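Numbering-wise, our numbering comes out as the position in the sequence shown, counting from 1, plus 18.
As structure tokens, the structure follows; a few thoughts come after it.
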Amino acid sequence: MTLPSKVSGVQEGSDDEAIVSRTKKKTSAACLLVLVASVAACERHSASPLAVAATAAHSSVSVQDRIAHELLEASPLADPADAKARDEAAERLTAAQDLLGAFGERVLWGGFDPQKRYDPKANTVTELSPIVWAKVYLSTFEFPGPYEVRREGPYTVLEIAASFRDGLDSGDYPYPFWHSAKKWHAYVNTRALLLVFEHDRLLAAYRRPAPDSEGAAARNWDSRWRWTDAEGHERPRVALFTYLLSPDNPWLTRLDRAYRDLEVEFRGNNCVSCHSPDNPAKASPLLLLDFPNQALVARHTLVETLRGNKMPPADPKAHKEAGVADSAVREQLIVLAEEFRRDADAALAFERTHPPATSPVSEAQPK
Ligand code: HEC
């Protein structure tokens, strides 16, 4: 079977350069139609492109193609309320070698705006540790099949049809996306993900919504970002280090403690008033400090920022200079941030050298 990426090109028999320029001119709706139209076909023949990927020599298949196949294998269509299917997808995504190999220091993540296009600097994005993005965020999507790899200016873009798992328990999402009806709606109506690469390094990932999106079933938010459920379990469970790291990671307990100590100071110094999902300071990239594993991306910059006394930012209206005013408090913050950095680096290094054993795709049928 011809890869879906070639559908438009083959029909019109033009060279790669022409495919690129035509794709650029396409509206998002038209682009999506190409994807949607091939969903059914690809589902029926899904074994075929996977087999191609498995046997193809690495040199002849682009890294984006290989990553697309990893996503298809790791997170196929399933019941959107099936937490087990999600957890298994999360495990497989963090063992996907080509995806792991494309990771840099962080992944920038946000909604796709056709006007603003691919440059993360032009968009409002959240920064995440790549492994956190893959395990906690990417795993909330299922990949039905079609995808396309194309050039967009300086970037290589992998656009892959995606369907959001909208039926999970509240504690299964990285944070309550439904704190804003608009944000929840945007996730639920995702039809494709756009993975943006610069020199084969994954730079950013965007959610592309359906062109005519319907309203998503609302969820009520009780104003808590994190909570404890009726059985006394901390939620969201996927935001914890226990979800991210393997149970035998010797740094797990230490890292968790280091974060908890730091968190007390984040609250005491009002850091989380800005570094939270509602992003009142309109920062981009937004750094989330309020969720244990999502704070990992800051493990290095945190120390630098505190040493430079750059946070909280200056507030000219209130005649406040940047930084933590009390130097003893700041020193304490720096010590805790250094511990967090050390334990986090060690914990992540352990994960890299001890990849989890992954389970094969379970037989459960989509609803
Ligand atoms: C008034 C809102 C506000 C408060 C309060 C605040 N920050 Fe920030 N922070 C920002 C914004 C906006 C940026 C991004 C722009 C910048 O670098 O100035 C940022 C950037 C950062 C960065 C660098 C981001 C990166 O890419 O890693 C770190 C680290 C950070 N803040 C930590 C803290 C800590 C720790 C505190 C509490 C002591 C704090 N911030 C309090 C708004 C805030």
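Beta carbons are placed, not taken as given, at the ideal position from N, Cα and C, and that holds for glycine.
Note that this is a predicted model, so its numbers are computed, not measured.
Query raised in the report: From Phe-215 to Glu-91, what does the alpha carbon distance come to, in whole angstroms?
Result: Along the sequence shown, one-based indexing puts residue 215 at 197. Along the sequence shown, one-based indexing puts residue 91 at 73. Rounded to the nearest angstrom, the two C-alpha atoms are 21 Å apart.
Query raised in the report: Taking DSSP as the reference, what is the three-state secondary structure of Ala-367?
Result: In the sequence shown, counting from the first residue as 1, residue 367 sits at position 349. In this structure, Ala-367 counts as helix in the three-state DSSP scheme.
Query raised in the report: Does any heavy atom of ligand 1 sit closer than 8 Å to the C-beta of Leu-221?
Result: As a first step, residue 221 is located in the sequence shown; it is residue number 203 there, counting from the start. False, no ligand heavy atom lies under 8 Å from that Cβ.
**Report entry** In DSSP terms, what Thr-208 is bridged to
**Finding:** Numbered from 1 along the sequence shown, position 190 holds the residue referred to as residue 208. Pro-227, per the DSSP bridge assignment.
Query - Inter-residue Cα distance where the pair is Asp-184 and Asp-131 - result: Numbered from 1 along the sequence shown, position 166 holds the residue referred to as residue 184. Numbered from 1 along the sequence shown, position 113 holds the residue referred to as residue 131. So the two alpha carbons sit approximately 22 Å from each other.
Query raised in the report: Are Leu-213 and Arg-104 close, meaning C-beta to C-beta below 9 Å?
Result: Start at 1 with the first residue of the sequence shown, and residue 213 comes out as number 195. Start at 1 with the first residue of the sequence shown, and residue 104 comes out as number 86. No, they are not a contact pair.
Query raised in the report: Using DSSP with H/G/I as helix, E/B as strand and the rest coil, what is Gly-189?
Result: Translated into the one-based positions of the sequence shown, residue 189 becomes position 171. Helix.
Query - Closest Cα partner of Pro-378 within the set Arg-110, Asp-333, Leu-95, Ser-78 - result: Against the sequence shown, residue 378 aligns to sequence position 360. That would be Arg-110, whose Cα lies nearest to the Cα of Pro-378.
Query raised in the report: What separation, rounded to the nearest whole angstrom, lies between the Cα atoms of Ala-362 and Asp-230?
Result: On the sequence shown, position 344 is the one that residue 362 refers to. On the sequence shown, position 212 is the one that residue 230 refers to. Roughly 42 Å separates the two Cα atoms.
Query raised in the report: Looking at Ser-345 and ligand 1, is the gap between the Cβ and the nearest heavy atom below 8 Å?
Result: The residue you call residue 345 lines up with position 327 of the sequence shown. No, ligand 1 has no heavy atom inside 8 Å of this Cβ.
Query raised in the report: From Arg-253 to His-197, what distance separates their C-alpha atoms?
Result: Numbered from 1 along the sequence shown, position 235 holds the residue referred to as residue 253. Numbered from 1 along the sequence shown, position 179 holds the residue referred to as residue 197. Taking the straight line from one Cα to the other gives about 15 Å.
Query raised in the report: Beta carbon of Ala-179, beta carbon of Arg-225: below 9 Å?
Result: If you number the sequence shown from 1, residue 179 lands on position 161. If you number the sequence shown from 1, residue 225 lands on position 207. No, the Cβ-Cβ distance between Ala-179 and Arg-225 is not below 9 Å.
Report task. Answer yes or no: do Ser-93 and Gln-312 have a C-beta to C-beta separation smaller than 9 Å? Result -> Along the sequence shown, read from residue 1 onward, the residue named residue 93 stands at position 75. Along the sequence shown, read from residue 1 onward, the residue named residue 312 stands at position 294. No, the Cβ-Cβ distance between Ser-93 and Gln-312 is not below 9 Å.
Query - Counted within 10 angstroms of its Cβ, other Cβ atoms place Pro-268 as buried (16 or more) or exposed - result: Residue numbering aside, residue 268 sits at position 250 when the sequence shown is read from its first letter. Counting Cβ neighbours within 10 Å, Pro-268 comes out exposed, since fewer than 16 surround it.
Query raised in the report: Pick from Phe-121, Phe-368, Ala-236, Glu-177: whose alpha carbon is nearest that of Phe-161?
Result: In the sequence shown, residue 161 corresponds to position 143, counting from 1. Ranking Phe-121, Phe-368, Ala-236, Glu-177 by Cα distance to Phe-161 puts Glu-177 first.
Query raised in the report: Run through DSSP, which three-state label would Glu-232 get?
Result: Here residue 232 refers to the residue found at position 214 of the sequence shown. If DSSP states are grouped into helix, strand and coil, Glu-232 belongs with coil.
Query raised in the report: Cβ of Glu-145 within 8 Å of any heavy atom in ligand 1?
Result: Walking along the sequence shown from the start, residue 145 turns up at place 127. For ligand 1, at least one heavy atom lies less than 8 Å from the Cβ of Glu-145.
Report task. Would you kindly work out how many angstroms separate the C-alpha atoms of Ala-113 and Lys-338, rounded to a whole number? Result -> Along the sequence shown, read from residue 1 onward, the residue named residue 113 stands at position 95. Along the sequence shown, read from residue 1 onward, the residue named residue 338 stands at position 320. Distance between the alpha carbons of Ala-113 and Lys-338 is about 47 Å.
**Report entry** Near ligand 1: Val-353 beta-carbon under 8 Å from a heavy atom
**Finding:** Mapped onto the sequence shown, residue 353 falls at position 335. The answer is no for Val-353.
Query raised in the report: Count the other CB atoms within 10 Å of the CB of Pro-192; is the residue buried (16 or more) or exposed (fewer)?
Result: Here the question's residue 192 lines up with position 174 in the sequence shown. With 16 or more Cβ atoms within 10 Å of its Cβ, Pro-192 is classed as buried.
Report task. Give the DSSP-derived three-state secondary structure of Lys-153 in the structure shown. Result -> The count along the sequence shown starts at 1 and reaches residue 153 at position 135. It is helical.
Query raised in the report: Less than 8 Å between the CB of Asn-311 and some heavy atom of ligand 1, yes or no?
Result: As a working mapping, residue 311 is identified with position 293 in the sequence shown. Not so, every heavy atom of ligand 1 lies at least 8 Å from the Cβ.
**Report entry** Contact belief for Ser-291 with Leu-306 at Cβ below 8 Å, rounded distance in angstroms
**Finding:** Locating residue 291 in the sequence shown gives position 273, where the first residue counts as 1. Locating residue 306 in the sequence shown gives position 288, where the first residue counts as 1. Between Leu-306 and Ser-291 the Cβ distance is about 13 Å, and since that is not below 8 Å, they are no contact.
Query raised in the report: Going by DSSP, which residues form a beta bridge with Ile-408?
Result: With the chain covering only 19 through 385, there is no way to say anything about residue 408.
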